[in-house]
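Enquirer:
Protein chains: 4
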Amino acid sequence: MSMNSFGHLFRVTTWGESHGPALGATVDGCPPGVAIDEGMIQHWLDKRKPGQNKFTTQRREADQVKILSGVFEGQTTGTPVQLMIENTDQRSKDYGDIMDKFRPGHADITYWQKYGIRDYRGGGRSSARETASRVAAGGLAREAIKQIAPNVQITGYMTQIGPNKINRDNFDWSQIEQNPFWTPDAQAAEDWAAYLDGLRKSGNSVGAIVEVVARGVPAGIGAPVYAKLDTDLASAMMSINAVKGVEIGEGMAAAELTGEANADEIFMGQNGPQYSSNHSGGILGGISTGQDVVVRFAVKPTSSILTTRKTITKSGEETEIITKGRHDPCVGIRAVPVGEAMMACVILDHLLLHRGQIGENRGRIG
Amino acid sequence: MSMNSFGHLFRVTTWGESHGPALGATVDGCPPGVAIDEGMIQHWLDKRKPGQNKFTTQRREADQVKILSGVFEGQTTGTPVQLMIENTDQRSKDYGDIMDKFRPGHADITYWQKYGIRDYRGGGRSSARETASRVAAGGLAREAIKQIAPNVQITGYMTQIGPNKINRDNFDWSQIEQNPFWTPDAQAAEDWAAYLDGLRKSGNSVGAIVEVVARGVPAGIGAPVYAKLDTDLASAMMSINAVKGVEIGEGMAAAELTGEANADEIFMGQNGPQYSSNHSGGILGGISTGQDVVVRFAVKPTSSILTTRKTITKSGEETEIITKGRHDPCVGIRAVPVGEAMMACVILDHLLLHRGQIGENRGRIG
Amino acid sequence: MSMNSFGHLFRVTTWGESHGPALGATVDGCPPGVAIDEGMIQHWLDKRKPGQNKFTTQRREADQVKILSGVFEGQTTGTPVQLMIENTDQRSKDYGDIMDKFRPGHADITYWQKYGIRDYRGGGRSSARETASRVAAGGLAREAIKQIAPNVQITGYMTQIGPNKINRDNFDWSQIEQNPFWTPDAQAAEDWAAYLDGLRKSGNSVGAIVEVVARGVPAGIGAPVYAKLDTDLASAMMSINAVKGVEIGEGMAAAELTGEANADEIFMGQNGPQYSSNHSGGILGGISTGQDVVVRFAVKPTSSILTTRKTITKSGEETEIITKGRHDPCVGIRAVPVGEAMMACVILDHLLLHRGQIGENRGRIG
Amino acid sequence: MSMNSFGHLFRVTTWGESHGPALGATVDGCPPGVAIDEGMIQHWLDKRKPGQNKFTTQRREADQVKILSGVFEGQTTGTPVQLMIENTDQRSKDYGDIMDKFRPGHADITYWQKYGIRDYRGGGRSSARETASRVAAGGLAREAIKQIAPNVQITGYMTQIGPNKINRDNFDWSQIEQNPFWTPDAQAAEDWAAYLDGLRKSGNSVGAIVEVVARGVPAGIGAPVYAKLDTDLASAMMSINAVKGVEIGEGMAAAELTGEANADEIFMGQNGPQYSSNHSGGILGGISTGQDVVVRFAVKPTSSILTTRKTITKSGEETEIITKGRHDPCVGIRAVPVGEAMMACVILDHLLLHRGQIGENRGRIG
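Chains as they are written, first to last, in this note's numbering: chain A, 287 to 652; chain W, 287 to 652; chain E, 287 to 652; chain P, 287 to 652.
1. Give a yes or no on contact between the stretch 317-330 of chain P and the stretch 587-597 of chain P, applying the rule of three or more CB pairs nearer than 8 Å.
2. Since residue 355(P) and residue 365(P) are thought to touch, with beta carbons under 8 Å apart, how far apart are those beta carbons, to the nearest angstrom?
3. According to a CB-to-CB cut-off of less than 7 Å, which residues of the stretch 530-554 of chain A neighbour chain W?
4. Taking 8 Å as the threshold (C-beta atoms), are residue 585(W) and residue 621(W) in contact?
5. Hey, is the stretch 508-525 of chain W in contact with the stretch 287-304 of chain A, meaning 3+ C-beta pairs nearer than 8 Å?
6. Leaving aside the five residues before and after residue 577(P) along the sequence, list all residues of the same chain whose C-beta is less than 7 Å from its C-beta, in chain order.
7. Residues of chain E with a CB under 9 Å from the CB of residue 365(A): which are they?
8. Label residue 662(W) either buried or exposed according to how many other C-beta atoms from any shown protein chain fall within 10 Å of its C-beta, with 16 as the threshold for buried.
9. Rounded to the nearest angstrom, what separates residue 491(P) and residue 451(E) at their Cα positions?
10. List the residues that DSSP assigns as beta-bridge partners of residue 458(A).
11. Contact defined as beta carbons within less than 8 Å: I believe residue 588(E) pairs with residue 614(E). What is the distance between those atoms, to the nearest angstrom?
12. Could you name the residues of the same chain whose beta carbon sits closer than 8 Å to that of residue 535(W), not counting the 5 residues immediately before and after it, in chain order?
13. Using a C-beta to C-beta distance shorter than 7 Å, which residues of chain A count as neighbours of residue 302(P)?
14. Using C-beta distances below 6 Å, list every residue in its chain close to residue 474(P), excluding the 5 sequence neighbours before and after it, in chain order.
15. Using DSSP with H/G/I as helix, E/B as strand and the rest coil, what is residue 540(A)?
16. What does a CB cutoff of less than 6 Å around residue 501(E) pick up in its chain, not counting 5 residues either side in sequence?
17. Could you say which of 387(W), 628(W), 617(W) lies nearest to residue 495(W) if we only look at CA atoms?
18. Residues of chain W with CB under 8 Å from residue 290(E), in chain order?
19. Would residue 466(W) and residue 644(P) be called neighbours here (beta carbons separated by less than 8 Å)?
20. Kindly list, in the order they appear in chain P, the residues whose Cβ is closer than 9 Å to that of residue 318(A).
21. I'd like to check one pair, residue 601(P) with residue 652(E): are the Cβ atoms closer than 8 Å?
22. Roughly how many whole angstroms lie between the Cα atoms of residue 312(W) and residue 552(E)?
23. Is it a yes or a no for the stretch 531-545 of chain W touching the stretch 409-421 of chain W, going by three-plus beta-carbon pairs under 8 Å?
24. List the DSSP bridge partners of residue 321(P).
25. Counting only beta-carbon atoms, is residue 628(P) nearer than 8 Å to chain E?
26. Rounded to a whole number of angstroms, what is the C-alpha to C-alpha distance between residue 296(E) and residue 367(E)?
27. In angstroms with no decimal places, state the Cα-to-Cα distance between residue 334(P) and residue 627(P).
28. Tell me whether the beta-carbon of residue 327(E) lies closer than 8 Å to the beta-carbon of residue 350(E).
29. Going by the CB atoms, is the gap between residue 431(W) and residue 639(W) shorter than 8 Å?
30. Closer than 9 Å between beta carbons: that is the criterion. Which residues of the stretch 575-591 of chain A meet it against chain W?
31. Whose C-beta lies closer than 6 Å to the C-beta of residue 625(A) among residues of the same chain, with five residues either side of it excluded?
32. Indicate whether at least one CB of chain A lies closer than 8 Å to the CB of residue 388(W).
33. Buried or exposed for residue 436(E), please, with buried defined as at least 16 other CB atoms from any protein chain shown within 10 angstroms of its CB.
34. What whole-angstrom Cβ distance do residue 542(E) and residue 402(P) have, given they're in contact under 8 Å?
35. Considering only residues of the same chain and omitting the five flanking positions on each side of residue 558(W), which have a CB-CB separation below 8 Å?
36. Please report the residue range of the alpha helix (DSSP H) in which residue 487(W) lies.
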């Protein structure tokens, strides 16, 4: 019962702080025989890496992953895979205010209230830097998925920054890799660039919504009633720093639908059931339908901003704080590869679980 | 690693089908010395029980709970508590269509695709009837919480039915028990009654949003980074039948806020930190702040409706279906006590975990 | 993390006290499509049932199992199977001494020291009666194993009572069902009968050693390094009431062997590797070799005896105790079907795990 | 559900292979505020380190531990502690025979049969080198125990090598640190030295028995019925490489005792119950009595010996093998600090669990 682990059979434990010697992911339960090298994982870390454009934090970290165990002659062996990322940007600096004051909207105060001790260097364990470990584990999960369900494709993208949503009519998968926001709406990308520029200059920040889709997931994975595919996805996404809401398919808007509108009608296609729509987000009763699995999550704005805010000190004195330094005007951008990594881990985990539950077979229709 | 269990130290496993002999909850990890009897649990089951007014299904179940173990001379002993509810309404009936056809929007098809076997009687394990087990476990959790954190108060209520939201200006805690919707807005209750009446007559159904608040939760419970309090709440709520979205505090709307607006400022009160607002929903970095813990979830409309929908049979033939029988026009109503029960289980679990992690102490401010 | 559960994918939670309304096992993770009815499980409960001969306790319990969930039309559905046994022998009686005094060698005192509350009726949760739940779960596991590895045969037998060991030269599988001790040595059975008769009359008790063998287990199940097949077997057997030692293969005697003597030499048979001997007990590095899996455990004598022993009361006063009532002169006898049940649960669990880890394939030799 | 983890709240995951870049332990659930540095852990690693005398393998490893996370300013923070040991002795060498042939009595063949892939360098994951990770985690556990139960003292020692047992009359705690066998019997140490010298010269090996005692453990820790203190100890010890048997208190010899002899009589001492004897090994019903917790385990002889043995190759051909290189004539010697480490981890885990279950209180006597 580790508090820093997730997954049932594909079990990932992340460790490490923002400014300690290193951080990483201990991955247990990866099947043997998965072809993997550091480059394959590095690919995804590079996608998440900060400092790539003016919309993400200017902290420069090489984020070089090292595989310390579980891989032999280019293949996983079935034993734990240790993925380590050394922190190169550990420069001694003046943390000044942060050592004694709590940043409003930040985990500073609750870590202190829980543990009575706090690694104040860059947020310690509560830093978004922890998500690098997730992305590394997700890179491994993607390669393992290829072995079991080669048609699965996992893609994340932004659908909203602040009040600005994409226009679904402009949705174009090929646009996602073409802009710094990983958004499928080219027009939105342009508008957002201008909007964020303004925010960044004013030292403010804003929230965002990220959508992650898994295509090609076979029907039948997931499990009632507390290890549902959607339950595990909700848990996975809500565990990402700054996430405040998670939706499957219609999500919160399902409240507004009638039963007639919400019921995805079923037809018989050549390769099994087909649906008239996908209000369910590819999941019914916690089990995949074979449609696209669609999850969405909201990322709150970062609490490290240049505006003065009222707060208190460790000794309980009221004061004010302003957080100087390196900031993301919209941390939601870098949450895209993180959301993809979590989706990959959950899908792989349930592919493995399904085998453990049922073997290689599934119930047949037709 | 049970797929039908939730919780870390307060561990609940639910079992049973809609039309089998019985269903219930096996509860492990309840502390010893909690005063409990069947009446205390029955109280909450009665709240959830169907057939209490015209807005909930007319199935009549006594839903009488029996305590089969773990309680001696009116107190829990620390050993597993078995809570059983016998199904009295097991009448043989004509399931006709449902045996062979899949209901659109229902778990019928995915259970079949996963298991190749399906208990078609009233939905079997995927029936909302499973939530009676949760409510029973939640009743026990509420009594155990009193022993550890007597100030905790857990209250659920509806904030939206279909497109109709409550007016937060009308919010009145005392109204919640006064109407069949457990809503704090008396005006909304009136409007909704008329609205639902229409829906019921047309054989249609609609979704809803439920909010659950835990007041008096001490600061410091929860745990980074995958057993966060919000992660476990997301998982708990998403595991409830028909839930498609979960929000903490601002939820999905956090995407629209700036960092300045979102940062709840901190002051020093007589009993510790006070906040200017509660955008965080009482949780920062996965750990409670001492403010109200606020979670919200959307329930989709029931898929059992009187409108004809297109579907397929087990043998893959295209056909149509219409679901006659007992229906809830808005299953969200009965989800209120279920959401409360899940909140109670999660809060108790994290109170116990905190003791295991830290003992009775917490970090002090001031 | 339930303290009353065991197993990874085939997860059994037992519940219930010696003299409460009922006890049972909540079994999660049983594969779907296993043909099962109450009679198949009753068969094994009858084997364990007390009062069958003069060497086991005269408590008369019908021990009738009821399947409350997870089975539909004679097959498991993949959802939790609830197995309940009602306690029929709940007669009100004078517990007298036991309410206030602690029986030496019994869990009375430690339950009190841990929980500050104790169900003194017949030992409550610490009663050997709990093992009925295990036997029920084991009966289900046996049927599920048939689906996955039909060649597996699980057999337990006694090899020692008090100082009296069987003669391995007399080992005859067909004798096991022919005597009240389930021993493969007919001569030992005769000698033990006389020996136990004497013990019973003097109101004393004695320990025993039980051996359980699983034949036909495929090579490759198990998992390094903390969910080893032998680790899980050690845990399973040590969890049985009164067990004080567990051995795999050579067991404690492995200490006396040289490396030369201990190394089972390997040859190539028609169906894979063959071994010159089985010092390893069918397990190397925590993984099955394909040989017989051999586990042995020692059961201490029951502490409920007719000899006066010194003890203390709950209030700390020194006194004496003598335990009248129904006793087993050798509880080890009834531990045979319990050991078999635990073996069945562990083997099934690892068969399922192996599928989750590797799929249906294994590494090939030759 | 990690296969490479153990513990409930103090959760240790070990990773790494014998000849990979590094190995280590990811430790989650260590309480905050434990004073720790690398030297405190190094102390125990040095005790286990090979090549310290002629009775242990001559492989020279620095075994320098690095703390990569979870410690800040000399104290644990409550977040995961990553303990890494780099492999310095990774020299390229000719593995020759071992690449294709299976060593009798070794996990070579079962790893291959399970995974279809095998890291043949020095045993890979199945190497006894994995136990260095355990010793590191145990060093941390010892420091954490001091915070919660400062009177606990954990000591391991050898009681038997091959057929040669210690004489319990010679038992002297102060001798344990005075000889290369960590045995409390000075005479045995002398005899064993001569005996092992002969074995080493003949290229043979032999088994051993190790006993580990925890003194000062408070009454009341442990939990029925599958997370018993003895169950978890059995599991912990059996998971150590080459262990084939585990005993608590009387162990296998309990089979030979009568109920009268086995029942430790209870008296009232100044600080609570006192016992006339400790046949139970300090555990009744899975819960500690407050007496010494006594566990014993048998280690089989290493399978890497200089005698020619018959075996097969990966392609199934019959052949012979002789294992040259660095060997321990008695691996049981180095198992002493490993057994201590496992005891420390289990005791700490149950101290934390007890707090989660009961809080700081226990039931009182007198």
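Where is the CB? At the ideal position from N, CA and C, for every residue including glycine.
Expert: Reading it off the structure:
1. no
2. 7 Å
3. 530, 531, 532, 533, 534, 535, 536, 537, 538, 540, 541, 542, 543, 544, 545, 546, 548, 549, 550, 551, 552, 553, 554
4. yes
5. yes
6. 561, 564, 568
7. 510, 511
8. Absent from the model: residue 662(W). The displayed extent of chain W is 287 to 652, so no value can be given.
9. 29 Å
10. Residue 458(A) is not bridged to any residue.
11. 6 Å
12. 564, 565, 566, 567, 568, 569, 580
13. 354, 355, 368
14. 452
15. helix
16. 439, 578
17. 617(W)
18. 314, 365, 366
19. no
20. 400, 401, 402, 403
21. yes
22. 48 Å
23. no
24. 361(P)
25. no
26. 11 Å
27. 10 Å
28. no
29. no
30. 575, 576, 582, 583, 584, 585, 586, 587, 588, 589, 590, 591
31. 442, 496, 498
32. yes
33. exposed
34. Going by Cβ atoms, the distance from residue 542(E) to residue 402(P) rounds to 36 Å, so no, they are not a contact pair.
35. 505, 576, 651, 652
36. 472-487
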